[in-house]
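In this note's numbering, the protein residues as written are 140 to 886. Quick reminder that beta carbons are idealized off the backbone N, C-alpha and C, glycines included. Shown next, in structure tokens, is the structure this report addresses.
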């Protein structure tokens with residue numbers, strides 16, 4: 140705090156510094172200290188209050204509403220109320236969740252604690268709170284125009300129609316250049332509601348489509364180039380073609396709220412690698428993405444183009460044509476390494492010969508961009524020429540590649556020979572990958588790895604340098620069964636005989652025609668996409684109805700549909716849940732199979748998460764999290780589980796929950812019927828001497844007259860029958876199941 144309060148900054152810089160630390164790192168430490176007890180809060184208030192007194196009022200007014208409210212409490216509430224009370228923790232906890240927005244007139248306010256005690260203007264949403272949530276779904280060129288599709292909304296402000304709902308995409312260039320306004324219209328985008336974090340909000344009409352003609356960019360860039368040329372001439376330097384960059388922002392008015400924000404977030408696949416448009420020889424208009432996933436549009440000249448690649452023994456020779464410039468001296472740069480280059484003037488420009496040592500390249504681990512630095516001119520990034528194909532030169536068991544990146548800039552790298560996919564096709568549910576892999580002969584297997592660690596393998600059929608891989612994502616072998624691939628992203632790689640993991644890549648020539656559409660089989664969807672430009676991944680997900688997607692769908696199921704189903708009559712059915720639906724195993728499986736062996740023809744329902752297994756027998760399979768899942772837990776008479784049930788589940792008075800593992804007996808007690816009225820146990824469960832005190836395990840009933848039926852079930856619980864160390868199925872002659880809890884008493 141002494142460093143933060145140190146003087147010496149001008150007023151403008153001081154205000155910017157205070158705004159940065161109060162909303163950033165210092166605000167995070169404030170939240171942590173407020174949660175760590177009275178001693179930390181006392182220290183926090185003692186150090187923070189003198190500093191807040193010195194901060195400009197305008198800075199505090201423009202902070203996010205939660206920070207503004209917390210700092211106001213520190214300045215105006217008493218020490219006892221802040222230190223011993225829960226005022227600060229209430230505000231911090233409320234700010235961590237999406238807050239409700241309230242409109243009064245043409246202004247919007249946040250619904251946070253102490254609204255009846257503090258000034259009303261303190262809760263007003265300002266620019267720092269109205270940050271748009273954006274997503275770009277597609278960027279394409281149509282008839283010479285750039286089209287951008289996506290959605291943008293303000294969190295907490297529903298967009299249910301086109302009324303009072305306008306949006307404009309604006310391109311802002313460097314300094315004094317006038318901005319470019321793209322023609323924008325609102326569209327229907329229900330996927331925005333599905334992906335939102337705020338329950339109860341509707342963003343169906345938050346979509347937008349913006350179009351742009353290159354002409355406004357060209358005349359603005361020409362004007363900037365003329366001004367730059369005059370300035371260089373005044374310094375006795377020749378004019379140089381330069382790149383002009385515009386950042387994309389969206390400005391929209393929604394129900395009285397106005398906000399501006401950067402267009403961020405590209406959906407996986409083709410949107411990550413938008414194509415450029417050549418507007419005249421050596422001039423391109425390209426949509427590009429920054430490192431923080433913000434969209435920009437650049438008008439870029441190709442000052443230097445790669446025209447030739449030649450591998451001569453231990454030398455790699457790269458020929459670069461520098462257009463419009465005649466020079467005899469300069470250097471080349473590969474990444475951060477500066478090196479000699481031969482400059483030879485020719486008609487229309489200069490040929491530059493760059494020689495690289497192959498042994499030095501083979502020691503590099505990362506790809507590096509190639510630059511040319513003519514003497515007296517700024518460095519020029521070398522672009523991949525239109526007539527030149529990408530090069531992959533084999534050197535032993537490694538290869539040197541000269542490729543273009545997503546902006547056609549030349550990247551030189553050396554690595555282990557990689558499989559390159561050249562075509563992707565779907566033959567019904569079968570995915571077929573074809574490509575080239577000029578490595579040593581021998582059997583290879585392609586691995587598909589999930590981020591959870593799960594891995595599948597597929598054989599590579601090799602014929603010379605070509606390979607073919609065929610796999611069926613909807614039927615992958617796991618523990619001797621055919622099950623669909625779990626949801627998520629699967630990365631592709633090949634294990635080399637040396638043990639090294641070699642990543643798979645997609646040929647850049649195949650990217651424009653790559654089939655990245657969604658293919659659905661057996662209630663699941665699959666997409667093969669190339670992300671991060673040329674990294675292939677296989678994406679799998681469950682096909683869900685629109686009313687079950689996202690936070691909004693689950694909110695309706697839990698708060699509306701499930702309570703309504705609890706009022707319906709119970710069905711004589713049993714629901715089985717093992718590890719939240721991930722496995723078919725354990726005591727729950729033994730109970731189910733024993734009931735089938737005895738000919739129990741009542742309805743059996745298995746909860747299955749992400750298609751993890753297919754239970755044998757006549758059981759009904761219900762997808763975890765679905766509408767049927769909520770209905771089954773609300774209306775089934777018996778529920779057998781070995782794990783914690785969902786937090787929204789509430790057992791009914793005439794509903795029985797059986798915990799099959801002893802370590803979950805306390806959970807069974809917490810899920811007892813709402814009436815909390817103890818019921819007497821069946822006679823077959825009463826231990827010698829009565830009462831249930833001191834029980835070490837949960838008990839499930841044993842049908843009267845069966846000498847030792849529990850021994851066949853294989854579960855870990857224990858009944859009070861002499862010599863019996865396990866339970867049986869949950870069926871009881873009386874039609875009810877019973878369970879015990881720790882600490883005595885019956886539940």
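Residue i: first and last residue of the uninterrupted alpha helix (DSSP H) it sits in
i, result
"residue 222", "218–222"
"residue 727", "725–736"
"residue 229", "226–235"
"residue 330", "329–334"
"residue 167", "164–173"
"residue 774", "766–774"
"residue 196", "196–200"
"residue 191", "177–193"
"residue 907", "Any answer about residue 907 is impossible in this case: the structure gives the chain only from 140 up to 886."
"residue 354", "354–373"
"residue 215", "204–215"
"residue 136", "Residue 136 lies beyond the stretch modelled for the chain, which goes from 140 to 886, so this question has no answer here."
Among the options, nearest to residue i - alpha-carbon criterion
i, options, result
"residue 664", "651, 681, 655, 654", "681"
"residue 599", "786, 311, 633, 171", "633"
"residue 487", "239, 472, 462, 751", "462"
"residue 299", "343, 256, 312", "343"
"residue 239", "686, 251, 232, 228", "251"
"residue 752", "734, 380, 435, 716", "716"
"residue 708", "771, 377, 748, 690", "771"
"residue 203", "316, 677, 167, 175", "167"
"residue 348", "517, 181, 616, 308", "308"
"residue 710", "794, 658, 467", "794"
"residue 295", "284, 272, 304, 314", "272"
"residue 427", "161, 608, 297, 384", "384"
"residue 259", "159, 399, 242", "242"
"residue 270", "285, 253, 291", "291"
"residue 523", "562, 533, 446, 499", "446"
"residue 648", "562, 744, 686, 302", "562"
"residue 457", "482, 493, 776", "493"
"residue 196", "186, 182, 214", "214"
"residue 257", "429, 314, 209, 468", "209"
"residue 609", "573, 182, 623", "573"
"residue 506", "528, 475, 527", "475"
"residue 221", "373, 430, 254, 174", "174"
Cα-Cα separation between residue i and residue j, rounded to whole angstroms
i, j, result
"residue 147", "residue 178", "32 Å"
"residue 756", "residue 737", "13 Å"
"residue 834", "residue 798", "Confidence is the limiting factor: at residue 834 the pLDDT is only 29, short of 50, which leaves the residue's position unreliable, though a coordinate-based value still follows. Straight-line Cα distance between these residues: approximately 15 Å."
"residue 541", "residue 552", "7 Å"
"residue 169", "residue 184", "10 Å"
"residue 152", "residue 382", "31 Å"
"residue 452", "residue 539", "13 Å"
"residue 395", "residue 306", "13 Å"
"residue 329", "residue 433", "23 Å"
"residue 851", "residue 724", "Note that residue 851 scores 39 on pLDDT, short of 50, meaning its location in the model is unreliable; the coordinates nonetheless yield the value given after this. In a straight line, the C-alpha of residue 851 is about 15 Å away from that of residue 724."
"residue 694", "residue 766", "12 Å"
"residue 783", "residue 639", "41 Å"
"residue 286", "residue 678", "26 Å"
"residue 713", "residue 700", "20 Å"
"residue 594", "residue 199", "52 Å"
"residue 267", "residue 438", "31 Å"
"residue 180", "residue 742", "57 Å"
"residue 392", "residue 304", "6 Å"
Status (buried if at least 16 other CB within 10 Å, exposed otherwise) for residue i
i, result
"residue 155", "exposed"
"residue 264", "buried"
"residue 150", "exposed"
"residue 769", "buried"
"residue 684", "exposed"
"residue 369", "exposed"
"residue 245", "exposed"
"residue 570", "buried"
Under 8 Å between C-beta atoms of residue i and residue j
i, j, result
"residue 636", "residue 581", "yes"
"residue 412", "residue 650", "yes"
Enclosing beta strand (DSSP E) for residue i [first to last residue]
i, result
"residue 689", "First-last for residue 689: 689–695, but that is the alpha helix (DSSP H), not the beta strand (DSSP E)."
"residue 656", "It is not in any beta strand (DSSP E) - residue 656 carries neither H nor E in the DSSP assignment."
"residue 680", "674–681"
"residue 594", "594–598"
Below-8 Å beta-carbon distance, residue i vs any chain D residue
i, result
"residue 183", "Going by chain labels, chain D is absent from the structure shown, which holds only one protein chain."
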